[in-house]
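Engineer:
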Amino acid sequence: MTDQFDAIVIGSGVSGGWAAKELTEKGLKVLMLDRGVMVEHGADYDYDGRPAYEIPARDRMPEPLVKSDYFIATHGYVSPSTQKFYNNDRLNPYAYDEGEKFYWIRPGAVGGKSLIWGRWSFRWSPEDFEANKRENVGIDWPIRYDDIAPWYDYVENYIGVSGSRENLPQLPDSAFQPPIQMNVAEKWVKERLEATSPGRKLINTRLSNMTEDKEDQGRSKCQFRNQCGRGCSFGAYFSTQAVTLPAARATGRLTLRSDAVVSNLEYDPKTKKVTGVRVVDTKTKQAEVIPARLVFLCASAMASTQILMNSRIPGTAKSHFDASGTLGRYVMDHIFRVGISGDIAGMTDYIEYGRRPGGVYVPRFRNVGGEEGVGFKRGYGYQGSARRDPLPPQGFGASMKHGMRGYGPWKFGMGAFGECLPYEDNRVSLHADKVDRFGIPLMRFDVTFRDNEIRMMDDARSEGEAMLRRAGLTNVTSGRSEHVPGDAIHEMGGARMGADPRRSVLNKWSQAHDAANLFVTDGAQMASISCVNPSLTFMALTARAADYAVKQLKAGAI
Amino acid sequence: MIIDRRDALAGMAAMFGASLFAPIARAAATQVTPISAGPPSSPVFTPPQRALMTALSERVMPTTDTPGAIAAGVPEYIEKLLADWASPDDRKPILAGLDAIEARSRADYKVAADKATPAQQDALLTLAMEDRLPGGADFFDKFRQLVLTGYFTSEVGITQEREYLPVPGRYDGAYPYSEIKKVFSS
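Chains A and B supply the protein sequences, listed in that same order. In the working numbering, each residue carries its 1-based index in the first sequence increased by 12. In the working numbering, each residue carries its 1-based index in the second sequence increased by 4.
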């Protein structure tokens, strides 16, 4: 039993899948655990390719079911065709206090968020890794862009990322496949926005939906169904199921166990190593400790932090991995829910053929290369698209019916995603009394956005309106709704990396300061969060950590 | 669905009206609740109400050069939705509106509304639309939404009234509307 596995990977999402692929390909026997249900590529995508009339409740989540079981998942847009991939909020709850609302939007299946993600894929910039130090915010990243750049190349070439080369310092180019095209109205907006707002850009989205086949992986390019969330049998976008799981399985060295929730890690303070992983079978509630020489903790930023916090020194509430006192702190999420829209005149002879995933992107333009005195630190970008909606109904009867056979004007809309700073007292902890059905203390969230984030969204709203007006759009309006941490589903931090073990949980290799054989390679490790989507960075850091871990293992250092 | 979340307009949607966060201690049942399928678990309409709802759905979305609401199964969809997929309160304005139309039909035409002529039913619907019946406009807006949703998520609506591309295979962001003269289903 002791030698059954060389490594245990906890979690099978974006990071866990990459850890399993890399570790097995480097010769290790790996056990990958996921608390969710099994979902096999293709075979278990129950509603892939099905129109609404073949999906329960026409693919609209029944309101009573949302209220009883999916009251958090609904913020991630769970629907009957994607329900299996989402957490059941009634069965797997968490806690927060009045006024400290947090949406912990979680997956509930093998593949994790790789099945439900938005697929926007960006590199972080040199600035993203340097700003903490320059501004004396949080802790300095122990790595720089150059440390991760080759690993971006590595993962991008494998997964396939579509996008356009732009040579922007604040948004480095990936190793791209050709971009998904803009529509005629977006090209119109791009030309005018860039002419009337010098220095600002509107570019093709960068997406893990491929525009070229990867025959060696049995994956096809995007078919423009835009039903990605149901699972894609074409394997056209990155998911564990389509990309990393087949690679890991092909080695013959992977064991995948679903329905297995990890409560904590067993630890030997003498050797300063993790000795095992305590697992509870979610169906039988049987617990066991599986021994481990090497552990990759990839359960998601918050769940990994929860597992670390619940790995306690006997007789105390203190984690083995919290000598620094920073575990559970500096939790962040992108702030969003500011939207701007406007009408575009003309081009009414044209519509869109095919249902395109993604859209267009306006990269960060605030504080690029230094503070500009705009009243806040860091910056934001906008994700958007132009489209024509079917004409709305007028009256009823044959005239209404036939009147709905055309399209309304082109409309452009975009929403801002802003960087949240790391704050020591934005923290998660284990609930003192409440436990879940497996006896694991509930996560408790004390996370709020602060002045810097709110001022940033004020600016995103006014600048967005001004940009679209200058570009010549009409009826420009904006809206804003409650900013709830977690809502962007880009929650990060909780076990940050840093050079100083007294001020951080992990070192520059995503390796625990307090356990040489423990690596945490998901969003928990982030010391700041950029303003762009993080999954590509999770992949690159995971591949980098796996490379290091196996070298250390072979050198006898672990 | 995922991209919808990213859509700029989401920033404006009133998504956070009522607090949805349920008490965390409610974890009584340990099974995931399945989505109800099959016929309605209990009837929503009396037989006369059902007959009127069916007739009015067809007046809202009639058979023309493509099938109408009845052929698309819209009445069955509406009753199933109100029985099992919506909140109990959602049926109230629909039932109240049907009853108001029924009463007006008997007053004006001395006939049950489901037996009224199509022209009379159109007149009754117009009264509702113009809010000249008790709860009329509220009923009309909600009932029309139900009909349109049921219709455009049905096989008839998706594949006949509109054009469905199961696997488009390509994207053209400047496709001439004149090539199709219809709306593509989502």
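Just so it is clear, CB atoms sit at the ideal spot from N, CA and C, and this is done for glycine as well. On a predicted model such as this, the values are computed, not experimentally measured, just so you know.
What would DSSP say about asparagine 640 of chain A, mapped onto helix, strand or coil?
Structural biologist: Beyond the ends of chain A as shown, which are 13 and 570, falls residue 640 of chain A; an answer cannot be given.
Engineer: To which residues of the same chain is glycine 340 of chain A closer than 7 Å at the C-beta, ignoring the five residues directly before and after it?
Structural biologist: Taken in chain order, the residues that qualify are Thr317, Met321, Arg439, Val440, Ser441 and Gly506.
Engineer: According to DSSP, is aspartate 152 of chain A helix, strand or coil?
Structural biologist: Residue state, collapsed to three classes: coil.
Engineer: Tell me, please, whether the stretch 94-109 of chain A touches the stretch 130-147 of chain A by the rule of three or more beta-carbon pairs shorter than 8 Å.
Structural biologist: No, the stretch 94-109 of chain A is not in contact with the stretch 130-147 of chain A.
Engineer: Could you tell me the alpha carbon to alpha carbon distance between tryptophan 30 of chain A and glycine 409 of chain A, rounded to whole angstroms?
Structural biologist: Their Cα atoms are separated by approximately 55 Å.
Engineer: Could you compute how far the alpha carbon of valine 517 of chain A sits from the alpha carbon of leucine 454 of chain A?
Structural biologist: Valine 517 of chain A and leucine 454 of chain A: Cα-Cα distance of roughly 21 Å.
Engineer: Looking at chain A, which residues of the stretch 60-84 of chain B have a Cβ within less than 7 Å of any of its Cβ atoms?
Structural biologist: Per Cβ criterion, the list reads Arg63, Val64, Met65, Pro66 and Thr68.
Engineer: Taking 8 Å as the CB-CB limit, is proline 5 of chain A close to chain B?
Structural biologist: The requested residue 5 of chain A is not part of the displayed model; chain A covers only 13 to 570.
Engineer: How long is the line joining the alpha carbons of isoleucine 67 of chain A and threonine 157 of chain B, rounded to whole angstroms?
Structural biologist: If I take the Cα positions, the gap works out to 10 Å.
Engineer: For leucine 24 of chain B, which residues from the same chain have a beta carbon less than 7 Å from its beta carbon, with the 5 sequence-adjacent residues on both sides left out?
Structural biologist: Residue placement at leucine 24 of chain B is flagged as unreliable, the pLDDT there being 30, under the threshold of 50; the coordinate-derived value follows with that caveat. Result list for leucine 24 of chain B: empty, nothing under 7 Å.
Engineer: How would you call proline 375 of chain A, buried or exposed, if buried means at least 16 neighbouring beta carbons within 10 angstroms?
Structural biologist: Result: buried.
Engineer: Contact between the stretch 443-458 of chain A and the stretch 373-388 of chain A: three or more CB pairs below 8 Å?
Structural biologist: No, the stretch 443-458 of chain A is not in contact with the stretch 373-388 of chain A.
Engineer: Under the assumption that valine 160 of chain B contacts alanine 75 of chain B (Cβ atoms under 8 Å), give the Cβ distance between them as a whole number of angstroms.
Structural biologist: Their Cβ separation, rounded to whole angstroms, is 6 Å, which keeps valine 160 of chain B and alanine 75 of chain B in contact under 8 Å.
Engineer: Would you kindly work out how many angstroms separate the C-alpha atoms of serine 24 of chain A and proline 138 of chain B, rounded to a whole number?
Structural biologist: When rounded, the distance between both Cα atoms is 56 Å.
Engineer: Under three-state DSSP, which class holds alanine 107 of chain B?
Structural biologist: The answer is helix: DSSP assigns alanine 107 of chain B an H, G or I state.
Engineer: From the DSSP output, which residues share a beta bridge with arginine 290 of chain A?
Structural biologist: A/Asn276 and A/Val301, per the DSSP bridge assignment.
Engineer: Nearest chain D C-beta to proline 97 of chain B closer than 8 Å, yes or no?
Structural biologist: Absent from the structure: chain D. Protein chains present are A and B.
Engineer: Taking the alpha-carbon positions, what's the proline 74 of chain A to aspartate 93 of chain B distance?
Structural biologist: So the two alpha carbons sit approximately 14 Å from each other.
Engineer: Across which residues does DSSP place isoleucine 356 of chain A in a beta bridge pair?
Structural biologist: According to DSSP, isoleucine 356 of chain A bridges with A/Trp422.
Engineer: Measure the CB-CB distance between phenylalanine 114 of chain A and valine 459 of chain A and report whether it falls below 8 Å.
Structural biologist: Taking 8 Å as the Cβ cut-off, phenylalanine 114 of chain A and valine 459 of chain A qualify as a contacting pair.
Engineer: For chain A, is any of its Cβ atoms less than 8 Å away from the one on leucine 102 of chain B?
Structural biologist: No, because no Cβ of chain A sits closer than 8 Å to the Cβ of leucine 102 of chain B.
Engineer: With DSSP run on the structure shown, which of helix, strand or coil describes proline 162 of chain A?
Structural biologist: Note: proline 162 of chain A maps to helix in three-state DSSP.
Engineer: Check whether chain A comes within 8 Å of methionine 133 of chain B, counting only Cβ atoms and requiring the distance to be less than that.
Structural biologist: Yes, because at least one Cβ of chain A sits closer than 8 Å to the Cβ of methionine 133 of chain B.
Engineer: From proline 172 of chain B to glycine 366 of chain A, what does the alpha carbon distance come to, in whole angstroms?
Structural biologist: Those two C-alpha atoms are separated by around 5 Å.
Engineer: Classify asparagine 195 of chain A as buried or exposed, calling it buried when 16 or more other Cβ atoms lie within 10 Å of its own Cβ.
Structural biologist: Buried is the call here.
Engineer: Kindly indicate which three-state DSSP category proline 170 of chain B falls into: helix, strand or coil?
Structural biologist: Looking at proline 170 of chain B - three-state DSSP - the assignment turns out to be coil, as it is neither helix nor strand.
Engineer: What are the boundary residues of the alpha helix (DSSP H) that includes proline 258 of chain A?
Structural biologist: Start and end: 257-262.
Engineer: If you draw a straight line from the alpha carbon of aspartate 559 of chain A to that of valine 292 of chain A, how long is it in whole angstroms?
Structural biologist: Taking the straight line from one Cα to the other gives about 29 Å.
Engineer: Quick one: what does DSSP say isoleucine 347 of chain A is sitting in, helix, strand or coil?
Structural biologist: Of the three classes helix, strand and coil, the one that applies to isoleucine 347 of chain A here is strand, per DSSP.
Engineer: Using a Cβ-Cβ cut-off of 8 Å (strictly less than) and excluding sequence neighbours within five positions of isoleucine 155 of chain A, which residues of its own chain qualify?
Structural biologist: Phe141, Met509 and Lys520, listed in sequence order.
Engineer: If leucine 266 of chain A sits next to lysine 213 of chain A, beta carbons under 8 Å apart, how far is it from one beta carbon to the other, in whole angstroms?
Structural biologist: Between lysine 213 of chain A and leucine 266 of chain A the Cβ distance is about 42 Å, and since that is not below 8 Å, they are no contact.
Engineer: Note down, in chain order, each residue of its chain lying with its Cβ closer than 8 Å to the Cβ of lysine 297 of chain A, except the 5 sequence neighbours on either side.
Structural biologist: Answer for lysine 297 of chain A: Arg449 and Phe450, listed in chain order.
Engineer: How about leucine 306 of chain A and isoleucine 319 of chain A: are their beta carbons less than 8 Å apart?
Structural biologist: Their beta carbons are not under 8 Å apart, which means leucine 306 of chain A does not touch isoleucine 319 of chain A by this criterion.
Engineer: Measure the alpha-carbon distance for phenylalanine 429 of chain A versus valine 343 of chain A and round it to whole angstroms.
Structural biologist: Each residue's alpha carbon lies about 17 Å from the other.
Engineer: Is the number of C-beta pairs between the stretch 391-398 of chain A and the stretch 416-424 of chain A that are closer than 8 Å three or more?
Structural biologist: Contact holds: three or more Cβ-Cβ distances are below 8 Å.
Engineer: Considering only the alpha carbon of each residue, which of A/Ala143, A/Gly124 and A/Pro162 lies closest to arginine 135 of chain A?
Structural biologist: Closest option to arginine 135 of chain A, Cα to Cα, is A/Pro162.
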